[in-house]
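Just below is one structure, and these are the notes that go with it.
Protein chains: 2
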Amino acid sequence: MELNERMKTILAAVVHSYFTTAEPVSSSIIAQKYHLNLSTATIRHEMYLLEKNDYLWQPHTSSGRIPTDKGYRFYVDNLMVKNYLQEKEKREIIQIYKKSKEFEEAMKMTSQLLSKLTDNIGVVLAPVIYNNIVKEIQFVPVGYNRILTVIVTDAGLVCQKIVNVSGEINKDRLNYLSNFINSKLAEKDINITNLNNILLDELEKIISLQERFNYVYNFLEECFNIRYSENKVYLDGRINLMKHPEFKETDKLNYILSLIEEENILAATIRGYLGFRKTKIIIGKESKLKEMQNCSLVTSEYSIKGKSAGAIGILGPTRMDYPRMISITEYISDKLSEILSEF
Amino acid sequence: MELNERMKTILAAVVHSYFTTAEPVSSSIIAQKYHLNLSTATIRHEMYLLEKNDYLWQPHTSSGRIPTDKGYRFYVDNLMVKNYLQEKEKREIIQIYKKSKEFEEAMKMTSQLLSKLTDNIGVVLAPVIYNNIVKEIQFVPVGYNRILTVIVTDAGLVCQKIVNVSGEINKDRLNYLSNFINSKLAEKDINITNLNNILLDELEKIISLQERFNYVYNFLEECFNIRYSENKVYLDGRINLMKHPEFKETDKLNYILSLIEEENILAATIRGYLGFRKTKIIIGKESKLKEMQNCSLVTSEYSIKGKSAGAIGILGPTRMDYPRMISITEYISDKLSEILSEF
DNA sequence: ATTAGCACTCTCCCTATGAGAGTGCTAATA
DNA sequence: TATTAGCACTCTCATAGGGAGAGTGCTAAT
Numbered sequence: 000m001e002l003n004e005r006m007k008t009i010l011a012a013v014v015h016s017y018f019t020t021a022e023p024v025s026s027s028i029i030a031q032k033y034h035l036n037l038s039t040a041t042i043r044h045e046m047y048l049l050e051k052n053d054y055l056w057q058p059h060t061s062s063g064r065i066p067t068d069k070g071y072r073f074y075v076d077n078l079m080v081k082n083y084l085q086e087k088e089k090r091e092i093i094q095i096y097k098k099s100k101e102f103e104e105a106m107k108m109t110s111q112l113l114s115k116l117t118d119n120i121g122v123v124l125a126p127v128i129y130n131n132i133v134k135e136i137q138f139v140p141v142g143y144n145r146i147l148t149v150i151v152t153d154a155g156l157v158c159q160k161i162v163n164v165s166g167e168i169n170k171d172r173l174n175y176l177s178n179f180i181n182s183k184l185a186e187k188d189i190n191i192t193n194l195n196n197i198l199l200d201e202l203e204k205i206i207s208l209q210e211r212f213n214y215v216y217n218f219l220e221e222c223f224n225i226r227y228s229e230n231k232v233y234l235d236g237r238i239n240l241m242k243h244p245e246f247k248e249t250d251k252l253n254y255i256l257s258l259i260e261e262e263n264i265l266a267a268t269i270r271g272y273l274g275f276r277k278t279k280i281i282i283g284k285e286s287k288l289k290e291m292q293n294c295s296l297v298t299s300e301y302s303i304k305g306k307s308a309g310a311i312g313i314l315g316p317t318r319m320d321y322p323r324m325i326s327i328t329e330y331i332s333d334k335l336s337e338i339l340s341e342f
Numbered sequence: 000m001e002l003n004e005r006m007k008t009i010l011a012a013v014v015h016s017y018f019t020t021a022e023p024v025s026s027s028i029i030a031q032k033y034h035l036n037l038s039t040a041t042i043r044h045e046m047y048l049l050e051k052n053d054y055l056w057q058p059h060t061s062s063g064r065i066p067t068d069k070g071y072r073f074y075v076d077n078l079m080v081k082n083y084l085q086e087k088e089k090r091e092i093i094q095i096y097k098k099s100k101e102f103e104e105a106m107k108m109t110s111q112l113l114s115k116l117t118d119n120i121g122v123v124l125a126p127v128i129y130n131n132i133v134k135e136i137q138f139v140p141v142g143y144n145r146i147l148t149v150i151v152t153d154a155g156l157v158c159q160k161i162v163n164v165s166g167e168i169n170k171d172r173l174n175y176l177s178n179f180i181n182s183k184l185a186e187k188d189i190n191i192t193n194l195n196n197i198l199l200d201e202l203e204k205i206i207s208l209q210e211r212f213n214y215v216y217n218f219l220e221e222c223f224n225i226r227y228s229e230n231k232v233y234l235d236g237r238i239n240l241m242k243h244p245e246f247k248e249t250d251k252l253n254y255i256l257s258l259i260e261e262e263n264i265l266a267a268t269i270r271g272y273l274g275f276r277k278t279k280i281i282i283g284k285e286s287k288l289k290e291m292q293n294c295s296l297v298t299s300e301y302s303i304k305g306k307s308a309g310a311i312g313i314l315g316p317t318r319m320d321y322p323r324m325i326s327i328t329e330y331i332s333d334k335l336s337e338i339l340s341e342f
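Structure, rendered in structure tokens:
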């Protein structure tokens, strides 16, 4: 069924009122607050139709209406008016970012910013590296028999890993290895996911049979074995959940808390949305995760030097101020892109 | 007032029963479950005295009794029977640790182990480094104008920091700097907290006036400027809180969640307890933090190569199985010490 | 097509009530 | 003198009833 203009107006009014008060919205409230010049009976009739078409629902027969996930979706796709951040707010965000000089710090600040500005949970997915080209590899001996491997990618991301070696690998040997590897890296673009395969193949040609089965080979294998699946997630503002009446009952809270606890799952979810559109909105049951039933997730990709790198977002109850959530998320992702590109 | 033997027995019984059922303990329950060969009236009388002396309290006049913080404290200090982990459990812990080959991984696993074994929140305070001696400093150029500074301490801890340099610092220059610094470090023990002062003083003597006010000097200043206050904390099992009836009401939960959210505060608290005893137990209001009112914290220090490094612990409701919490925390801290010393 | 009017439904809050659990006190007992 | 049986008392908790209020759906009138 196609919604007529009046139904759209009423749906938007219900979404707005419900967001503001967290109370089911009655026909009389719509009539009073939104000046539609319609009687409550007419509004009631339209709401009845909206309910029949799954845009609204009632907690019980004689209560006001609440938007369904479908109702929110229609609102987000067709009805909502874009929100623009105030210049003052923009300045504040920029001001805060000026303090962050390190990568880790920038990630943390971003999640804090998101949670403070939205009163929801701020989520930052660290840059995914599996599509990065390796530019440079360095070996730094630290202490007695440990070697710090530093991998620098084309996006300027730095992966580090400390590897224990059973025997001693002397400095000349290390230099030889790193020179060889870096010359190969200069010759052709090697994706970080292929690092292990390609480089070990190349190395096999020059490493003597003897060494191939000893610690040098093992050492390198471990160095290149980077975990792509483990995508760090920065979360902030968990406590904000308590501010929302939908999480007053502990069992509702339980769901979302378990989602937040399993950062890997959250990371995987967000990662799954990467690459389609800059901004992505997932409302309630649209997500396959049952823990997200009562929640919405607004994510926005950020980039490093123009190349999509990761995503940030906010997580909160489906009853949220979508226009504002979107504008905040998008603005912050833009600023984060700038910061990270400068690093 | 000195507690007589019978009062002690009854107090221990109340603590045990309350831990098991989470219900206020009545005189008849004590009589039934703990076979003291006393009438309920007698038990009631002793409980009355225990209450008058602040070891027990009643939610209301005609309900059973619950231990107070003081009651738990007396129990922990004088009454509880040490718990020993089963060999099977020990083996499982060791088995899990075998998988962890990196520092970060070991930290995460430890917090997971703690939370899973105790059904509480697992807390791991990363090694504090402010009492470490600096053994070695390395500069690794990464990308165009960024330099990775690697500081290795006597405990084998590795601090890293990426510093952006405005101008270019060539490799020879970097080598010269690191050679100079490392020779100074070999000469005398320099604590990491003094790094900035001492080394910059030394460097002033050899760096030309011109350079002192340019990027080389600034660069080094930034390299040595390490944040000691930021002590990373690894938390796991937040969701476990929901299992405990004391956190059924959201306002109770609010308190502890806000504590967990502010990891810095938690870190500072635990850090404050370091250096006195291996194991430390903080019960409810014994902590100055109001967020910890309904919680107890059991911490145990771990060490690296015999030198106290950090602490692990569990955080849960005051109603907890103290003997078991203590044995788990202590055992895991021992194992963690072994693992970290091997790294 | 819209609306006024009205019966109906459901929640929420308040009160009352009774059962049950547990206590404190007292007088009897070993 | 220490212990205990007995009992009145207190408080919680679950249940039910009732009235107010909010909001609806339906119908007949405009």
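As given, the protein sequences belong to chains A and B, one line each in that order. Sequential numbering of the first sequence, starting at 0, is according to numbering that gives the first Met the number 0. Sequential numbering of the second sequence, starting at 0, is according to numbering that gives the first Met the number 0. From the three backbone atoms N, C-alpha and C, an ideal C-beta is built for every residue, glycine too.
Looking from the CA of residue 329 of chain A, the closest CA among A:100, A:280, A:203 belongs to A:280.
Taking a C-beta cut-off of 7 angstroms against chain A, the contacting residues of the stretch 222 to 243 of chain B are 237, 238, 241, listed in chain order. Straight through space, the alpha carbons of residue 292 of chain A and residue 43 of chain A are spaced by roughly 28 angstroms.
Residue range 262 to 271 is occupied by the alpha helix (DSSP H) that includes residue 271 of chain A. For residue 215 of chain B, no CB of chain A lies under 7 angstroms from its own CB, so it is not counted at the interface with that chain.
Excluding its 5 nearest sequence neighbours in each direction, residue 315 of chain B has C-beta neighbours in its own chain below 6 angstroms: 119, listed in chain order.
Within a 10 Å sphere around the beta-carbon of residue 59 of chain A sit fewer than 16 other beta-carbons, which makes this residue exposed. Around the beta-carbon of residue 172 of chain B, fewer than 16 other beta-carbon atoms lie within 10 Å, marking it exposed. Listed in chain order, the positions of the stretch 8 to 33 of chain B with a beta carbon within less than 7 angstroms of a beta carbon of chain A would be empty, since no residue qualifies. The beta carbons of residue 109 of chain B and residue 335 of chain B sit closer together than 7 angstroms. Per DSSP, reduced to three states, the secondary structure at residue 179 of chain A is helical. Comparing alpha-carbon positions, the option among A:126, A:25, A:137 lying closest to residue 179 of chain A turns out to be A:137. The Cβ-Cβ distance between residue 201 of chain A and residue 183 of chain A falls below 7 angstroms.
For residue 124 of chain B, the secondary structure class from DSSP, reduced to helix, strand or coil, is strand. Under the 10 Å beta carbon count, residue 271 of chain B is surrounded by fewer than 16 other beta carbons and is classified as exposed. Neighbourhood of residue 101 of chain A in chain B, by CB distance below 8 angstroms: 160, 161, in chain order. With respect to the 7 angstroms criterion, residue 304 of chain A and residue 332 of chain A are not classified as neighbours on the basis of their beta carbons. Scanning B:33, B:250, B:2 for the CA closest to the CA of residue 69 of chain B turns up B:2.
At a cut-off of 7 angstroms between beta-carbon atoms, residue 173 of chain B makes no contact with chain A. Approximately 6 angstroms separates the beta-carbon atoms of residue 322 of chain A and residue 81 of chain A; this is inside 8 angstroms, confirming the contact. Taken through DSSP and simplified to helix, strand or coil, residue 256 of chain A comes out as helix.
For residue 21 of chain B, there is no enclosing alpha helix (DSSP H), as DSSP gives it neither H nor E. Counting C-beta pairs closer than 8 angstroms gives three or more between the stretch 156 to 168 of chain B and the stretch 129 to 146 of chain B, which meets the contact rule. Annotation: the continuous beta strand (DSSP E) that includes residue 279 of chain A extends over 278 to 282. The Cβ-Cβ distance between residue 317 of chain A and residue 295 of chain A falls below 7 angstroms.
Taking all protein chains shown into account, residue 235 of chain A has 16 or more neighbouring C-beta atoms within 10 Å of its C-beta and is therefore buried. Residue 121 of chain A counts as buried, since no fewer than 16 other beta carbons sit within 10 angstroms of its beta carbon. Contact check for residue 54 of chain B and residue 39 of chain B: beta-carbon distance about 19 angstroms, past the 8 angstroms limit, so the pair fails to qualify. For residue 11 of chain B and residue 22 of chain B, the gap between their C-alpha atoms comes out near 15 angstroms. Between the C-alpha atoms of residue 126 of chain B and residue 306 of chain B there is a straight-line separation of about 11 angstroms. Exclusion of the five residues before and after residue 123 of chain B leaves 106, 109, 110, 233, 311 as the residues of its chain whose Cβ lies within less than 6 angstroms of its Cβ. Per DSSP, reduced to three states, the secondary structure at residue 165 of chain B is coil, with no helix or strand assignment. Less than 7 angstroms divides the Cβ of residue 338 of chain A from the Cβ of residue 96 of chain A. Chain-order list of chain B residues neighbouring residue 253 of chain A: 238, 241, by C-beta distance under 9 angstroms. Interface flag for residue 137 of chain A against chain B is set, since a Cβ pair is found closer than 7 angstroms.
Under the Cβ criterion of 7 angstroms, residue 114 of chain A is not counted among the residues facing chain B.
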